[in-house]
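Asker:
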Ligand code: PLP
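Set out below in structure tokens:
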């Protein structure tokens, strides 16, 4: 079991007040909070070895390069990728997906099919729509049911030798559904297509094993798992990445440049043009160290308890409806109360120091499915407590009384 009281001391922000109340931070699915160990890693970089990487012979540059490459290895080992060069540093999930979508532009022809799950974040929909417009490829949707669970029988019907790529999130940000990615990968590989898994919501809770999943591409953002914003990763199997063209041209990604012809660097540099977010990459590694010091299984077990408790307490509120009732869920509760607009609830909760997200959560197709404008979303992390859930329920009851 984890020691939440001790863990909370690592997060300076959790001590602050908001609108005169102690902060209750339940917007972890949007961005998680940052422990002092990660903050100190960034400060240490700028104080002691700030320098550009890969290019310098001087000591500072070498120290920075070593720390950056050590972070890449930490990510490789955390997710059990076969090689460090299969981990590409990016600015986050959105950037990672766009790298693959842009590369796929050269691999697709009109009439090829791409399958998207009904549970996706806009960042795993829009780049593919743009790609279809450019190539004439066709986007088809794997539907979901009322519980927010993908209908795998429909996937079986959609898969064919025209399918080139299936993209699905590991966990839905709007509903918390954990998707059966191992099964989806197996079914997709059976028709010779590839799978991209958006792990932005899964990686704070579930330690994916890339080799045993046999996934082709897996992407995430550091800020979802106690790391800084503006940095993330794209994992691709070596063969999958090698067949994609570079995304951007510039420094770092070349082998040799002449005015007649440029040759490209190998992995991972081929996809890492320009000066990256160096302190962010190093801090991404520190964030994984931090999560691993607590233990991913301990984190998941504790968050499951928060989910069960939060669901039980919220369900006591008359008129409250929860969206997303999959058996396998992470600690995300999306809900509405009667016909009160989610924004109104979120604003009143904020007045009492409680941070929840309201709106469509960048997943408008899910909201359209339920015929609602949006939801209130409370998303828990391992540093949240049962008492904070109680505070939210009290505040919610007050908000409802004011709004009805
Ligand atoms: N995919 C999912 C499932 C997400 O939850 C998010 C962010 O909320 C993203 C993609 C986009 O992540 P980023 O904004 O870090 O690129």
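Numbering (the numbering used here), first residue to last: 26 to 429. All C-beta atoms, glycine included, are put in the ideal place defined by N, C-alpha and C. None of these values were measured; they are calculated from a predicted model.
1. Give a yes or no on whether 8 Å exceeds the smallest Cβ distance from residue 191 to chain B.
2. Rounded to whole angstroms, what's the CA-CA distance from residue 185 to residue 203? Just pull it up for me.
3. Assuming residue 413 is part of the alpha helix (DSSP H), what are its boundary residues?
4. Looking only at its chain, what residues have a beta carbon closer than 8 Å to the beta carbon of residue 319, apart from the 5 residues adjacent to it on each side?
5. Ordered along the chain, which non-local residues of its own chain (more than five positions away) have a Cβ less than 6 Å from that of residue 163?
6. Decide if the stretch 303-318 is in contact with the stretch 86-93; the criterion is three or more beta carbon pairs, one per stretch, under 8 Å apart.
7. Taking all protein chains shown into account, decide if residue 413 is buried (16 or more other Cβ within 10 angstroms of its Cβ) or exposed.
8. Do you know offhand how far residue 183's Cα is from residue 415's?
9. When you compare the stretch 150-169 with the stretch 123-141, are there three or more beta-carbon pairs, one atom per stretch, that lie closer than 8 Å?
10. Tell me which residues pass a beta-carbon proximity test against the ligand PLP: closer than 5 Å to any heavy atom, given in chain order.
11. Considering residue 265, what are the terminal residues of the alpha helix (DSSP H) in which it resides?
12. Assuming residue 266 and residue 292 form a contact by the criterion Cβ under 8 Å, report the distance between their Cβ atoms to the nearest whole angstrom.
13. Straight-line CA distance for residue 219 to residue 234?
14. Please specify which runs of the alpha helix (DSSP H), each continuous and at least 4 residues long, are wholly inside the stretch 153-221, giving them in chain order.
15. Cβ-heavy atom distance between residue 81 and the ligand ATP below 7 Å?
16. Tell me whether the stretch 140-149 and the stretch 188-196 touch, counting them as touching only if at least three CB pairs, one residue from each stretch, are closer than 8 Å.
17. Whose C-beta lies closer than 6 Å to the C-beta of residue 425 among residues of the same chain, with five residues either side of it excluded?
18. Measuring only the C-alpha atoms, how far is residue 378 from residue 114?
19. Alpha carbon to alpha carbon, how far is residue 269 from residue 104?
20. Give a yes or no on contact between the stretch 46-56 and the stretch 374-394, applying the rule of three or more CB pairs nearer than 8 Å.
21. Which value, in whole angstroms, describes the spacing of the CA atoms of residue 271 and residue 238?
22. Among residues of its own chain, excluding the 5 on either side of residue 173, which ones have a beta-carbon nearer than 6 Å to its beta-carbon?
23. Just to confirm the assignment, what range does the beta strand (DSSP E) spanning residue 347 have?
24. At what residue ranges does the stretch 296-363 contain a whole run of the alpha helix (DSSP H), taking only runs of 4 or more?
25. According to DSSP, is residue 87 part of a helix, a strand, or is it coil?
26. Rounded to whole angstroms, how far is the Cβ of residue 322 from the Cβ of residue 230, which I believe are closer than 8 Å?
27. Does the Cβ of residue 74 have 16 or more other Cβ atoms within 10 Å, making it buried, or fewer, making it exposed?
28. Return helix, strand or coil for residue 258, following the three-state DSSP convention.
29. If residue 314 sits next to residue 99, beta carbons under 8 Å apart, how far is it from one beta carbon to the other, in whole angstroms?
30. For residue 45, tell me which candidate among 232, 374, 385, 296 has the shortest Cα-Cα distance.
31. Where do the ends of the beta strand (DSSP E) carrying residue 245 lie?
32. When the Cα atoms are used, what is the spatial distance from residue 55 to residue 76?
33. Excluding five sequence neighbours on each side, which residues of the same chain lie with their C-beta closer than 8 Å to the C-beta of residue 176?
34. For residue 146, tell me which candidate among 429, 420, 158, 388 has the shortest Cα-Cα distance.
35. Between the alpha carbons of residue 410 and residue 324, how many angstroms are there, rounded?
Answerer: In short:
1. Although the question refers to chain B, the structure presented lacks it and comprises just one protein chain.
2. Taking the straight line joining both Cα atoms gives about 25 Å.
3. DSSP places residue 413 in the uninterrupted alpha helix (DSSP H) bounded by 411-428.
4. Cβ-Cβ distances below 8 Å link residue 319 to 27, 32, 407 in the same chain, with the five nearest sequence neighbours on each side left out; the list follows chain order.
5. 138.
6. Flag = yes, the stretch 303-318 and the stretch 86-93 touch.
7. Burial call: buried.
8. Residue 415 has its alpha-carbon roughly 44 Å from the corresponding atom of residue 183.
9. Short answer: they touch.
10. Listed by chain position, these are 117, 118, 119, 146, 148, 194, 198, 223, 225, 226, 246.
11. Per DSSP, residue 265 is one residue of the alpha helix (DSSP H) stretching across 263-267.
12. About 6 Å separates the beta carbon of residue 266 from that of residue 292, a gap short enough to meet the 8 Å contact definition.
13. Approximately 17 Å between the Cα atoms of the pair.
14. DSSP runs (the alpha helix (DSSP H)) wholly in the stretch 153-221: 177-183, 206-215.
15. For the ligand ATP, the structure offers nothing, since it holds only the ligand PLP.
16. In this structure the stretch 140-149 touches the stretch 188-196; the number of beta carbon pairs closer than 8 Å is three or more.
17. Around residue 425: 362.
18. When rounded, the distance between both Cα atoms is 35 Å.
19. Going from the Cα of residue 269 to the Cα of residue 104 covers about 22 Å.
20. The stretch 46-56, when compared against the stretch 374-394, does touch it at the 8 Å Cβ threshold.
21. Taking the Cα positions, residue 271 is about 26 Å away from residue 238.
22. Around residue 173: 200, 202, 349, 351.
23. Run containing residue 347: 345-348, per the beta strand (DSSP E) assignment.
24. The qualifying runs are 303-319, 321-340.
25. DSSP, read as helix, strand or coil, puts residue 87 in helix.
26. Contact between residue 322 and residue 230 does not hold, since their C-beta atoms are separated by about 10 Å, which reaches or exceeds 8 Å.
27. Buried is the call here.
28. Residue state, collapsed to three classes: strand.
29. Indeed, because the Cβ distance is near 7 Å, the residues count as touching under 8 Å.
30. In this structure, 374 is the residue among 232, 374, 385, 296 with its C-alpha nearest to the C-alpha of residue 45.
31. 242-246 is the extent of the beta strand (DSSP E) around residue 245.
32. Cα to Cα, the separation comes out at about 31 Å.
33. These residues qualify, in order along the chain: 167, 168, 169, 170.
34. It is 388 whose Cα lies nearest to the Cα of residue 146.
35. When rounded, the distance between both Cα atoms is 13 Å.
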